[in-house]
Amino acid sequence: MKPTNVPQNANPIPPRWATYLLTRLGHPDTREEVEGDLLELYSHWVHTLGTRRANWRYVLAVVGLLRPLAKSKHVPEYPSPFLLSPDMLRNYFKIAWRNLLKNKLYSLTTVLGLTIGLIACGLIALYIYDEWRVDRFHANADRIYRVVTINRSKGQSEMAAPTTGRPLAQVIQREVPGVEAVVPIRMTKFSVKHGNQYFFDNQLYAGEAFLKAFSYRLVAGDARTALRDPYSLVLTQSTAHKYFGDSPALGKTLQLADTLTFTVTGVLADPPPSHINFDVLLSLPTFAALGGKMDQWFTWDQYCYILLDKSADPTTVERTIAALPMKYNSSEYKSSGMYVEQVLEPLPKIYLHSTGGGINRPAGSAKQLYVLGAIGLFLLLLAGVNFINLTTAHQGERAKEVGVRKAIGAGTSLLIAQFIGESLLLALLAGVLAWGGVALSLPFFDRLTDKVIPFTLLIQPGALLASLLLVLLIGALAGWYPALILARFRPVDTLKGQVVKGTKGAWVRQGLVVFQFTVSLVLIISTLVASRQLHFMQGQALGFDKDRVLVVELKKLPWRQFIDNYATIKAQLIAIPNVQAVTGVTALPGRAGWNGQMVYPEGRPKEQALSLEVIPVDHDYVQVLGLTMRAGRSYDAQLAEDVQNGVLLNEAACKAFGWQPTEAVGKKIQTSGMNDGRVLGVIADFHQHGLQQAITPMLTFIAPYAYRYVALRLGPQDLSTSVGQVGQFWKERFPGYDFDYFFLDQDFNKQYEAEQRIATLFRGFAGLAIAIACMGLFALSTYTAQQRTKEIGVRKALGASVANIVSLLSKDFLKLVLVAIVIASPLAWYAMHRWLQDFAYKIEIRWWVFALAGGLAITIALLTVSYQSIRAALMNPVKSLRSE
Amino acid sequence: MKRAFLGEFEEIVLLTVAVLSGGGDEAAYGVTVTQEIEQKTGRAVGFSTVHTTLQRLEEKGYLSSQMGGATAERGGRRKRFFALTATGRKALVEVQQVRAQLWEALPPQALQLMGY
Numbered sequence: 001m002k003p004t005n006v007p008q009n010a011n012p013i014p015p016r017w018a019t020y021l022l023t024r025l026g027h028p029d030t031r032e033e034v035e036g037d038l039l040e041l042y043s044h045w046v047h048t049l050g051t052r053r054a055n056w057r058y059v060l061a062v063v064g065l066l067r068p069l070a071k072s073k074h075v076p077e078y079p080s081p082f083l084l085s086p087d088m089l090r091n092y093f094k095i096a097w098r099n100l101l102k103n104k105l106y107s108l109t110t111v112l113g114l115t116i117g118l119i120a121c122g123l124i125a126l127y128i129y130d131e132w133r134v135d136r137f138h139a140n141a142d143r144i145y146r147v148v149t150i151n152r153s154k155g156q157s158e159m160a161a162p163t164t165g166r167p168l169a170q171v172i173q174r175e176v177p178g179v180e181a182v183v184p185i186r187m188t189k190f191s192v193k194h195g196n197q198y199f200f201d202n203q204l205y206a207g208e209a210f211l212k213a214f215s216y217r218l219v220a221g222d223a224r225t226a227l228r229d230p231y232s233l234v235l236t237q238s239t240a241h242k243y244f245g246d247s248p249a250l251g252k253t254l255q256l257a258d259t260l261t262f263t264v265t266g267v268l269a270d271p272p273p274s275h276i277n278f279d280v281l282l283s284l285p286t287f288a289a290l291g292g293k294m295d296q297w298f299t300w301d302q303y304c305y306i307l308l309d310k311s312a313d314p315t316t317v318e319r320t321i322a323a324l325p326m327k328y329n330s331s332e333y334k335s336s337g338m339y340v341e342q343v344l345e346p347l348p349k350i351y352l353h354s355t356g357g358g359i360n361r362p363a364g365s366a367k368q369l370y371v372l373g374a375i376g377l378f379l380l381l382l383a384g385v386n387f388i389n390l391t392t393a394h395q396g397e398r399a400k401e402v403g404v405r406k407a408i409g410a411g412t413s414l415l416i417a418q419f420i421g422e423s424l425l426l427a428l429l430a431g432v433l434a435w436g437g438v439a440l441s442l443p444f445f446d447r448l449t450d451k452v453i454p455f456t457l458l459i460q461p462g463a464l465l466a467s468l469l470l471v472l473l474i475g476a477l478a479g480w481y482p483a484l485i486l487a488r489f490r491p492v493d494t495l496k497g498q499v500v501k502g503t504k505g506a507w508v509r510q511g512l513v514v515f516q517f518t519v520s521l522v523l524i525i526s527t528l529v530a531s532r533q534l535h536f537m538q539g540q541a542l543g544f545d546k547d548r549v550l551v552v553e554l555k556k557l558p559w560r561q562f563i564d565n566y567a568t569i570k571a572q573l574i575a576i577p578n579v580q581a582v583t584g585v586t587a588l589p590g591r592a593g594w595n596g597q598m599v600y601p602e603g604r605p606k607e608q609a610l611s612l613e614v615i616p617v618d619h620d621y622v623q624v625l626g627l628t629m630r631a632g633r634s635y636d637a638q639l640a641e642d643v644q645n646g647v648l649l650n651e652a653a654c655k656a657f658g659w660q661p662t663e664a665v666g667k668k669i670q671t672s673g674m675n676d677g678r679v680l681g682v683i684a685d686f687h688q689h690g691l692q693q694a695i696t697p698m699l700t701f702i703a704p705y706a707y708r709y710v711a712l713r714l715g716p717q718d719l720s721t722s723v724g725q726v727g728q729f730w731k732e733r734f735p736g737y738d739f740d741y742f743f744l745d746q747d748f749n750k751q752y753e754a755e756q757r758i759a760t761l762f763r764g765f766a767g768l769a770i771a772i773a774c775m776g777l778f779a780l781s782t783y784t785a786q787q788r789t790k791e792i793g794v795r796k797a798l799g800a801s802v803a804n805i806v807s808l809l810s811k812d813f814l815k816l817v818l819v820a821i822v823i824a825s826p827l828a829w830y831a832m833h834r835w836l837q838d839f840a841y842k843i844e845i846r847w848w849v850f851a852l853a854g855g856l857a858i859t860i861a862l863l864t865v866s867y868q869s870i871r872a873a874l875m876n877p878v879k880s881l882r883s884e
Numbered sequence: 001m002k003r004a005f006l007g008e009f010e011e012i013v014l015l016t017v018a019v020l021s022g023g024g025d026e027a028a029y030g031v032t033v034t035q036e037i038e039q040k041t042g043r044a045v046g047f048s049t050v051h052t053t054l055q056r057l058e059e060k061g062y063l064s065s066q067m068g069g070a071t072a073e074r075g076g077r078r079k080r081f082f083a084l085t086a087t088g089r090k091a092l093v094e095v096q097q098v099r100a101q102l103w104e105a106l107p108p109q110a111l112q113l114m115g116y
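As you go down the protein sequences, you meet chains A and B in turn. Here the first sequence is numbered in UniProt numbering, starting from 1 and rising by one per residue. Here the second sequence is numbered in UniProt numbering, starting from 1 and rising by one per residue.
Right, here's the structure in full:
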């Protein structure tokens, strides 16, 4: 123990814990003098008795003075008000309301900014939720897998098809343990004749276990037997209504493909969103009954879903299934140089994560959802940031109020609560407005995104609760910082009328502005790049003449009748004035031909067959599309053998075979549907598909049985007259049937709808972001101008011109925007560089895009700031300096 | 009139305050009173006792107090200065008178026995 000694410092410190006890538990009325007396005595004791005994006496005295139950008897002359009394609460609301009304512009921008952000965020959230919930309704979702086919060759494996060979389902059923049910599904397209009209619903052949494995609700029929017998079908409720009206559909019959009579064995409630999209389910045994072969391993055209046992291990099952193709069909695969395996895809992941796509429904994209989610989050942040900026900018106006409230006894925490409460109120107001805004803009958003988001999603209790919580959270978070600053005002200063300087938080506000502009700039640059890419794709020479081509769809015609009379119909069509050439065709540019057909060219071993896109055409195909021949000749109507074995290739196909275009002419070639083809000529490359894809090898031959369209090249005369004449002919030739037509250029451009949508969405979001950012900037410039009123007055008095002062005030903001440009440019470049990777033909991102976006941002920023800075600069210095 | 009742220690404290405040308006507060009693009576008095007594005397109306005179030594805290009220003075005088009467009533023999 240290010897007692006189401490060096004049104020020795007694034991802290004792002092603490005294402060907390001493009598509140005498706390001050008791603490003081004890301190004085303590230092006296230290000097006379030494530290140890002084401590001892101090502690003893403290213990003697503890009055843990004592309450102040002191009744103050001016009692501090109970700040949560109904009167005070009413006062808070009244003051909040008055403040809103007093500064209408400010209130409007604050609430509006938040509302806009919330609307955008709400729409995006709805979109994401609507994509996310796909397939989530299945009760067994965690046990259902889709079996897909991969090809493992040359050291790499890639998905070959989301489908499997036909016998796989049976084999799995027979020999893989742990599988509760196997559901094979095939796509099919029978016409349904009803009255004198053909309908084309989304039809699927589905295995018997379909209704057992998936959780679809049957409103009529028996789930166990509905898909058991051949020629039975199950309709969705709306399809049933379409055909049978309100009378019960069960047991009724439908005529498919003119010849097949199906019995309705079940009606399903309209299915919730799923990656399997269908209106009609046909029983799979029908396929066999119609002569479909089920033993072809190398025909991957059947989807296969499995439901595992509750106890089964997916990896074990997957390993067993993976080996099946090579076990049963190794020789055929190996001769094609393939090593085929199966992989399992968990059901909930198929829609958003699989490259295989859905059935009758394009796949969703998780990446897109992430990007959208990020944008939504950023917009929300922007709006929140704005809220903070606007509130802090106007805190000067509340300074006196804070002063008065503090003077009559409001504590810091109560003031914080008051201001956070106000911001909660504003947020709530914005939330309600935003909810209405979302509800109103939902139809436009649907059109923009090509979705149908049900309104009921908006009024779900869960969604409402979540959005309420979110709004309150935003209000609390955004209100926190301004509330903290306001509550810290010193009443003496504010009541004296001193302008409260907010220099301390300046970097926060500036950082927020930089953030806002960075986000806006990234969005602007992205918009520019996306629309330029779109423009580029639409303006690019396609290699064919897409204008003035009228296309008539054949699928709703009595097909047999058309094919049998094709030659006459063609002759009649070409006789119509202004029709220059006519061709039947399976796929026009913009639509898919027969993809992935194996083609065996002369002089190449059979194992090295190539897979090409094959398009059955007619003699005048080249003429109608205005294609150029690179070598050889096109089909000749005079030569009968052209129909038998005439084949045209494109340049890409020649290249794939390793032939020069000239030497390709006359070569022999074989593919399914054309056993002894001979190359007549080579077509110069043209874009069969959109510019997202590179030009792929393709092959054409003449096969009227495969036509799906008739394309007519029209001359220079009036288009609508010609359409009228063709339509007239059609109605006379096929009375009672629809005349379905479109123009090639419009149809081709439909491939860019996704990009168009993205560009539009981005334009919208960029606009919102910049609007919000401008509000923030406006607030900040108001604030700065206010702060520098006196400085500006002095400058003007000393001879500064208006221009001087405007530039002085604008300079600071310019700096912020420049910083934002520096940050945003690489970010935007990276993002758009990644986006452009999806296109085979793409623009380069040039520097001027950044310059343009930057210039735009600077201009907008300057315009926003100029209002306040000019106003400040024009102010009479006498006014601003008068009070000095 | 209600008779003043003063306990022994109360009387001492009251007297000490009277003595100290005789030297000036701002002389009698917790510390000085404690120290004075220690010096004059030679007994170790706890501060808490003195403080409590002072409070009680103020409650009874014999003392009045006011705040003031913060020093750095006290961590900037003010002192509570005590002064006698008229009632306090009267009480002291009464106590003294009672004693004086008793002393006078004492027979001289008794005084001698006590060694006077």
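The C-beta atom is built at its ideal place from N, Cα and C for all residues, glycine as well.
Could you check where the alpha helix (DSSP H) with residue i kicks off and where it finishes?
i: R532 of chain A; result: 506-539
Relative to the C-alpha of residue i, which residue among the options is closest?
i: P14 of chain A; options: A:Y830, A:L426, A:W56; result: A:W56
i: R74 of chain B; options: A:T48, A:K94, A:L41, A:G50; result: A:L41
i: I119 of chain A; options: A:I150, A:R24, A:L433, A:F850; result: A:L433
i: N556 of chain A; options: A:L612, A:V643, A:D740; result: Note that residue 556 of chain A corresponds to Lys in the displayed sequence, not to Asn. Per the Cα distances, A:D740.
i: A407 of chain A; options: A:E422, A:A430, A:L495; result: A:L495
i: K349 of chain A; options: A:G207, A:R133, A:N360, A:V385; result: A:R133
i: G42 of chain B; options: B:S65, B:T85, B:L63, B:I12; result: B:I12
i: L54 of chain B; options: B:W103, B:A110, B:T16; result: B:T16
i: G266 of chain A; options: A:G403, A:H275, A:S283; result: A:S283
i: E401 of chain A; options: A:G207, A:F489, A:G357; result: A:F489
Along the chain, where does the beta strand (DSSP E) that runs through residue i open and close?
i: H194 of chain A; result: 192-194
i: A374 of chain A; result: Premise fails: A374 of chain A lies in the alpha helix (DSSP H), 366-393, not in any beta strand (DSSP E).
i: V95 of chain B; result: V95 of chain B -> not in any beta strand (DSSP E); alpha helix (DSSP H) instead, spanning 86-105.
i: Y303 of chain A; result: 302-308
i: L712 of chain A; result: 709-714
i: A181 of chain A; result: 179-188
Give the straight-line distance between the Cα atoms of residue i and residue j, rounded to the nearest whole angstrom.
i: T263 of chain A; j: K750 of chain A; result: 38 Å
i: V802 of chain A; j: A393 of chain A; result: 24 Å
i: D718 of chain A; j: R548 of chain A; result: 10 Å
i: S21 of chain B; j: V46 of chain A; result: 26 Å
i: A530 of chain A; j: R763 of chain A; result: 9 Å
i: L627 of chain A; j: S720 of chain A; result: 25 Å
i: I870 of chain A; j: D493 of chain A; result: 30 Å
i: Q692 of chain A; j: Y600 of chain A; result: 28 Å
i: F748 of chain A; j: Y481 of chain A; result: 54 Å
i: K811 of chain A; j: T784 of chain A; result: 12 Å
Determine, using beta carbons only, whether residue i comes closer than 8 Å to chain D.
i: Y62 of chain B; result: Although the question refers to chain D, the structure presented lacks it and instead comprises the protein chains A and B.
Which whole-angstrom value describes the C-beta separation of residue i and residue j, a residue pair presumed to lie in contact below a C-beta threshold of 8 Å?
i: T527 of chain A; j: A759 of chain A; result: 7 Å
i: Y351 of chain A; j: F287 of chain A; result: Their Cβ separation, rounded to whole angstroms, is 26 Å, which puts Y351 of chain A and F287 of chain A out of contact at 8 Å.
i: L744 of chain A; j: T700 of chain A; result: The pair is not a contact, with the Cβ atoms about 17 Å apart (cut-off 8 Å).
i: H275 of chain A; j: I185 of chain A; result: Not confirmed; about 11 Å, so no contact.
(request) Determine which residues of the region 386-412 of chain A have a Cβ less than 7 Å from any Cβ of chain B, and write them out in chain order. (result) For the region 386-412 of chain A, which is checked against every Cβ of chain B, not one residue is closer than 7 Å.
(request) Name, going along the chain, the residues of the region 24-54 of chain A whose beta-carbon falls closer than 8 Å to a beta-carbon of chain B. (result) Against chain B - using a Cβ distance shorter than 8 Å - the residues of the region 24-54 of chain A are T30, E32, E33, V34, E35, G36, D37, L38, L39, E40, L41, S43, H44.
(message) Along the region 72-99 of chain B, where does the CB come closer than 7 Å to a CB of chain A? Name the residues.
(response) The region 72-99 of chain B vs chain A, Cβ under 7 Å: E73, R74, G75, R77, R78, K79, R80.
(request) May I ask you to list, following chain order, the residues of the region 13-43 of chain B that have a beta carbon less than 9 Å from some beta carbon of chain A? (result) If the cut-off is 9 Å between Cβ atoms, the region 13-43 of chain B has Y29, G30, V31, T34, Q35 near chain A.
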